[in-house]
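Once you know that position 150 of the sequence shown is 144 in my numbering, the rest is easy, because the numbers rise by one and skip nothing.
Even glycine gets a Cβ: it sits at the ideal position worked out from N, Cα and C.
Please read all numbers here as calculations on a predicted model, not as lab measurements.
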Amino acid sequence: MQIIPRTTSLHTGRLVLAPADPLQAVDQATIIAALHRLGLLGGQRSDAAASAFAAGPALGALIGFTGCAVQFGGEGRAAIDVGPWLRIPPPSEAPRLFWGRNTRPPRCPACGAPLRSWRERLPVAAAGDVAPASSAPASCDPTSCNAVQPLRCDACETTSPALRWRWGRHGGAARSTVSIEEVFPGEGTPLPALVKALDALGAGPWVFFYIQD
Ligand SMILES: [Zn+2]
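Shown next as structure tokens:
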């Protein structure tokens, strides 16, 4: 059983927006400019990487929140600004797989069967490496395991790269992402104006999922 590293306080969750096609990518500056125009981004966060922003004035018009979805600060997070915030990193060269403690067994792209042992099978090989089955699992950031890792279905024996498996709203693969912290899974969804703007960025339609570290 792979042990998942955790932060000291339990992460509420993040909403992750990404192109539906995990091979597609959008230039970081293009995404940031588009989201600034929409009013989704506020000021750049002083204490974080250049890709982190406070939420802008249109947050509530672009993302629909239900329940106590947005955490305003919290224990163990005193070092970051209070309130929801966004992260828009540069696209990765290859698609990465995003998963967390909330991720459920992905479904086989061929037969739809869930793969119960996915956690044990994933963090093995880096890009291009083919690790022998007997080798010890390499350390792997659970939020960015290589998404081309082949996974073999127990039910139909088809082998497909991880990015082709169906992760639902509990994980996914992407090169470009827009993350909104802190959103409990299912309690924040992109509204039509945001979906339309993302779909217009040239990478095809976007999807969303939730990750809890
Ligand atoms: Zn299958």
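Three-way DSSP call (helix, strand, coil) for residue i in this model
i   : result
I26 : helix
A88 : coil
S3  : coil
S54 : Residue identity check: residue 54 is Gly in the sequence provided, not Ser. Residue state, collapsed to three classes: helix.
D98 : Checking the displayed sequence, the identity of residue 98 turns out to be Arg instead of Asp. Residue state, collapsed to three classes: coil.
L32 : helix
Inter-residue spacing [alpha-carbon to alpha-carbon] between residue i and residue j
i    : j    : result
G196 : G61  : 33 angstroms
W159 : C102 : 5 angstroms
E181 : P199 : 21 angstroms
G36  : L116 : 36 angstroms
Distance cut-off 7 angstroms: residue i Cβ against heavy atoms of ligand 1
i    : result
C150 : yes
C105 : yes
C139 : no
Own chain partners of residue i with C-beta closer than 8 angstroms, once the 5 adjacent residues on each side are dropped
i    : result
V201 : L11, A12, P13, A14 and G166
A44  : Q38
Contacting residues, own chain, Cβ-Cβ under 6 angstroms from residue i (five flanking each side not counted)
i    : result
C150 : A104 and C105
P179 : G7, N96 and Y204
P84  : Q22
Handout entry: Whole beta strand (DSSP E) elements within the segment 139 to 200, 3-residue minimum
Key = 144 to 146, 153 to 155, 166 to 168, 172 to 175 and 182 to 184
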